[in-house]
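When the letters of the sequence shown are read in order and numbered with my numbering, they come out as residues 5 to 440. Below: one structure, written as structure tokens.
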Amino acid sequence: MKVKVEHTDSGENIFGGINVFIHEMTKLGIDKLIDSHLGKRVKQAKYSTGEIIMYWIYGMLCGANKFDKITKIHKNFQNIPYLKDKIPSRDTIRRMMQKLAIPNSVKENLTNDEVSEVNDNVKLNTLLHKIQKKLNIFNSKKKHTLDVDTIVIPTNAYDSKFSFKKKIRGYHPCVSIIDGKAVYMEMRNGNVSPKYKLLEHIDNTLTHIKQTGLGKIDKLRMDNAGYNNEVFKYLNQKNIKFYVRARKSRDLIDMVRINSMGKWRETEIETTDKVTPIIVSSINYRLLRYSDQEEQYRVVTCRFQDDEIDNFVGRMIITNDFESTEEEIIHFYNQRGKQERVFDDLRNNYGWKYPPFSDMSQNTVFFIVSMICQTVYKYVLGVVTSKTETDKVNENTWLDDFRYWFILVGSVWIITDEICKIVFRDSYFNYKVFFD
């Protein structure tokens, strides 16, 4: 549909910028991709699965990250021709997400009679990868770093359990991240340890990334939940460099003290706001130290210059990277903090803070759909920054700020037999470039 773009001083739809998202996603056929992957609904269904999911995503981009908020924006979407007769109710959206849920896998712990529940919705994770591939979110020819981490999501959902440290009731999703974008999510109940079936999660992530052609993973970062000999062996076999926060055992600390004598080196590491003087060293280390059959890894240790040897409080990173300098390894591992901001983004902008269902399997669907929404936003953000010259937004702008500058702009559609025109209220952006 050829659209003419004009400007006006008033508008009926206060979310005018959402038209750009709808235009881009419709042009790429994302709703049809969703239907082809998840299958068609029954003949009497008024809306397809793709239409329902995309409508929820458009609503979330406008700030409706709860089901009770989606009805408040219906009237703003009713005059958008792309959405004509495609405005499902919140109950329809809820039912669709419930039907996409799969049963939890359950394992009983015989030592304390607790049950570990995990929900790995492979079909939806694969859909996420297909959409990321379609939108060309990642350069498939480039090598990428994979970050794996877990987070506690506090909730009083009916089936949620207290965290493994017995402090917070909620869920404990395990998420894989590439370049600040979530690519795989496995939901876990709150009592599940971060290291539980971590190797299986990593293998599933790498398998799906390879199958969908998102790119090649050559490095992986984790906190000390990944300090596991089987994980290290697996990554070695895959020729993936790993950088993991080492677990401070008495054996490892003694090994570092003994083997680093006379080898400590003064240097400095640059952080976001300052340059910090540190002392570094490296040793070779086997997790099973008395077995010659075990692989040998490298432990890089850094400590602040004013620390006492007898009061050892340094940071240790275990890796199979024997080529990089200590400074390079420490700096690379520290970049992991930037990836953890993805959790803040998902909680604050995409509804993770408010799991809407009482069932963990259904909340898994909600969380992955939110990750798809984040992917859609990142794509359109890239389109906006490439087509406009403005200091209002950049590639790191969060949705909340972007919504204020770009989406909350009045607009009205004028449709007759001869013309299809969208009229925007004057703003900082030239919307014509998005519809040419």
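Idealized CB from N, CA, C, for every residue including glycine.
Q | Segment contact, 8 Å Cβ cut-off, at least three pairs: the region 401 to 409 with the region 72 to 90 | A | Counting Cβ pairs under 8 Å, fewer than three are found: no touch.
**Q.** Residues that DSSP places opposite K220 in a beta bridge
**A.** As computed with DSSP, K220 is found in a beta bridge with K147.
Q. Which word fits T276, buried or exposed, when buried means at least 16 other C-beta atoms lie within 10 angstroms of its C-beta?
A. Answer is exposed; the Cβ neighbour count stays below 16.
(Q) Contact between the region 160 to 168 and the region 202 to 221 is defined here as three or more beta-carbon pairs at a separation below 8 Å; is this criterion met? (A) No, the region 160 to 168 does not touch the region 202 to 221.
Q | Exposed unless 16 or more other CB atoms sit within 10 angstroms - verdict on Y62 | A | Only buried fits Y62, as 16 or more other CB atoms lie within 10 angstroms of its CB.
Q. Between which two residues does the beta strand (DSSP E) containing N17 stretch?
A. No beta strand (DSSP E) contains N17, which DSSP labels as neither H nor E.
Q.
I'd like to know if L224 contacts chain C, where contact means its C-beta is closer than 7 Å to some C-beta of that chain.
A. Protein chains in the displayed structure number just one, and chain C is not present.
Q: Starting from the Cα of N352, find the closest Cα among K242, V260, N69 and K199 and give me that residue.
A: The shortest Cα separation from N352 among K242, V260, N69 and K199 belongs to N69.
Q. So I333 and V304 are in contact, right, with Cβ under 8 Å, and what is the actual spacing, rounded?
A. Right, their Cβ atoms sit about 5 Å apart.
Q) Looking at the structure shown, is T211 part of a helix, part of a strand, or coil, going by DSSP? A) If DSSP states are grouped into helix, strand and coil, T211 belongs with the helices.
Q: Determine contact between the region 101 to 110 and the region 358 to 376, defined as no fewer than three beta-carbon pairs at a distance below 8 Å.
A: When Cβ pairs closer than 8 Å are counted between the two stretches, the region 101 to 110 is seen to touch the region 358 to 376, the count reaching three or more.
Q | Residues of its chain near T442, where Cβ-Cβ distance is below 7 Å and the 5 sequence neighbours each way are ignored | A | This structure cannot settle anything about residue 442, because the visible part of the chain is limited to 5 through 440.
Q. Looking at the unbroken beta strand (DSSP E) that takes in R254, where does it start and where does it end?
A. If you look at R254, you'll find it isn't in any beta strand (DSSP E); it sits in the alpha helix (DSSP H) that goes R254 to N263.
Q. How many angstroms separate the CA atom of S328 from the CA atom of M259?
A. Distance between the alpha carbons of S328 and M259 is about 21 Å.
Q) Quick one: does the C-beta of E204 sit closer than 6 Å to a heavy atom of the ligand ATP? A) By its list of ligands, the structure shown contains no ligand whatsoever, and the ligand ATP lies outside what it can speak to.
**Q.** Status (buried if at least 16 other CB within 10 Å, exposed otherwise) for Y432
**A.** Y432 comes out exposed.
**Q.** C-beta atoms of I155 and Y86 nearer than 7 Å
**A.** Taking a C-beta distance under 7 Å as the contact criterion, I155 and Y86 do not qualify as a contact pair.
Q: Determine the DSSP secondary structure at W402, reduced to helix, strand or coil.
A: Note: W402 maps to coil in three-state DSSP.
Q | Three or more C-beta pairs below 8 Å linking the region 218 to 231 and the region 242 to 249 | A | Short answer: they touch.
Q: Quick one: residues in its chain with C-beta nearer than 7 Å to the C-beta of I244, no 5 flanking neighbours on either side, listed in chain order?
A: Result list for I244: I221, D222, K223 and L224, in chain order.
Q: Please report how far the alpha carbon of K138 lies from the alpha carbon of G355, in whole angstroms.
A: Near 24 Å, if we compare the C-alpha coordinates of G355 and K138.
Q. Using 8 Å as the Cβ pair cut-off and three pairs as the minimum, do the region 38 to 45 and the region 145 to 153 touch?
A. No contact exists between the region 38 to 45 and the region 145 to 153.
Q. Taking C-beta to C-beta, are V416 and I181 nearer than 7 Å?
A. No; because the gap between Cβ atoms is not below 7 Å, this pair is not in contact.
Q) beta strand (DSSP E) containing I273: first to last residue? A) DSSP places I273 inside the beta strand (DSSP E), whose first and last residues are R269 to E274.
Q. For Q215, which option in N195, Q241 and L132 has the closest C-alpha, if you only look at C-alpha atoms?
A. With distances taken between Cα atoms, Q215 lies closest to L132.
Q.
Starting from C377, trace the alpha helix (DSSP H) in both directions and tell me its first and last residue.
A. Here the alpha helix (DSSP H) through C377 covers M364 to K391.
**Q.** Three-state secondary structure (DSSP) of G184
**A.** Of the three classes helix, strand and coil, the one that applies to G184 here is coil, per DSSP.
(Q) Quick check on the DSSP output: the beta strand (DSSP E) that includes E118 runs from which residue to which? (A) Where E118 is concerned, there is no enclosing beta strand (DSSP E), given that its DSSP letter is neither H nor E.
Q) Could you check where the beta strand (DSSP E) with F246 kicks off and where it finishes? A) Per DSSP, F246 is one residue of the beta strand (DSSP E) stretching across K245 to R249.
Q: Go ahead and label V279 buried or exposed: buried means 16 or more other beta carbons lie within 10 angstroms of its beta carbon, across all protein chains shown.
A: V279 comes out exposed.
Q. When you compare each of I18, I22, V126 and I157 to T211 by their alpha carbons, which one comes out closest?
A. Closest option to T211, Cα to Cα, is V126.
Q: Would you mind giving the Cβ-Cβ distance between I141 and T379, rounded to the nearest angstrom? I have them listed as a contact below 8 Å.
A: About 6 Å separates the Cβ atoms of I141 and T379, confirming a contact at the 8 Å cut-off.
Q. Between D124, C66 and A49, which lies nearest to G414 when the distance is taken from Cα to Cα?
A. Nearest of D124, C66 and A49 to G414, Cα basis: C66.
Q) What is the DSSP secondary structure of N338, reduced to helix, strand or coil? A) Three-state result, N338: helix.
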